[in-house]
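Residue 68 in numbering that gives the first Met the number 0 sits at position 69 of the sequence shown; the count goes up by one each step and never skips.
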Amino acid sequence: MEVQSNKTKKYSYLSASKFPVLKKPEMAGCENCICNRKRGSIFCTSCKKTFVGRIAERCQMHPEVAYLMDARYCAFCGAAAKDLQMGDPM
């Protein structure tokens, strides 16, 4: 990162990344992929609270992909996924 030495300007310029950036994922043949599931309400049987997201499942086509809305534990009490129940999709 280069910062201009002139104190009146407050801009920084980043050099181009050396790593390739994936622009569009290959989605050919992924119509029935579980990665495309809708989010919904998740009910925890341990603490009886509800939050929005999806219960995490491993996709056979994309086993290394993880989504932010996929819950492996309860957001409130930390109970395991076996204690979570999926409600109606949104």
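We put the CB at the ideal spot given by N, CA and C, even for glycine. None of the values given here were measured: they were computed from a predicted structure.
| Query | Result |
| --- | --- |
| Own chain partners of Val64 with C-beta closer than 8 Å, once the 5 adjacent residues on each side are dropped | Cys34, Cys58 |
| Cβ neighbour criterion (16 or more within 10 Å) applied to Ala70 | buried |
| Gly52 beta carbon less than 7 Å from that of Asp87 | no |
| Phe75 versus Cys32 - alpha carbon distance | 29 Å |
| Chain-order list of residues whose beta-carbon lies under 7 Å from that of Met60 (same chain, five-residue window excluded) | Cys29, Cys32 |
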